[in-house]
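Residue numbers (my numbering): -3 to 117.
A virtual CB, placed ideally from N, CA and C, is assigned to each residue, including glycine.
These notes are about the structure you will find just below.
Encoded structure:
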């Protein structure tokens, strides 16, 4: 197999024992060496950062909106309750009204969690 570009540059980072153990466990979970897993994770993160800044928030917002709609409908169906067109419209409107607020809150929570875990060193 011929690669179109060769790896000729190197990036080195120092991490704590705990951070290394976390990275190693994640790499082992995917059956990869730590360096390969880190390279892939770093490049994936770089791609996300190059995306339009709102793109991840929009995607998460849509997923959360869809989840809200489905959970409400499944709850109704599980209780053998009919769903009227008016109720369906209300569920959709509520999901649309809350999805961006929920997405932004999740991103803020994730950022705080990552920092608390020592990843912002």
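Assuming contact is defined by CB atoms lying nearer than 8 Å, are residue 99 and residue 57 in contact in what I supplied?
In contact: residue 99 and residue 57 (Cβ atoms closer than 8 Å).
Determine the DSSP secondary structure at residue 35, reduced to helix, strand or coil.
Note: residue 35 maps to helix in three-state DSSP.
Return the chain-ordered ranges of every alpha helix (DSSP H) run that is complete within the segment 47 to 108 and spans a minimum of 4 residues.
Listed in chain order, they are 51 to 74.
Count the CB pairs spanning the segment 18 to 25 and the segment 63 to 82 that are closer than 8 Å, and state whether there are at least three.
Verdict: no, contact absent.
Suppose you measure from the CA of residue 90 to the CA of residue 106; what does that come to, to the nearest Å?
If you take the alpha carbons of residue 90 and residue 106, they lie about 24 Å apart.
Could you work out which residue in 83, 79, 8 is closest to residue 32 when comparing CA atoms only?
The candidate whose alpha carbon is nearest that of residue 32 is 8.
Using only CA atoms, which one of 1, 17, 95 lies nearest to residue 60?
Looking at the Cα atoms, 95 is the closest of the given residues.
Should residue 64 be labelled buried (16 or more other beta-carbon atoms within 10 Å of its own) or exposed?
Result: buried.
Candidates 110, 55, 5: which alpha carbon is nearest residue 35's?
Nearest in C-alpha terms to residue 35, of all of 110, 55, 5, is 5.
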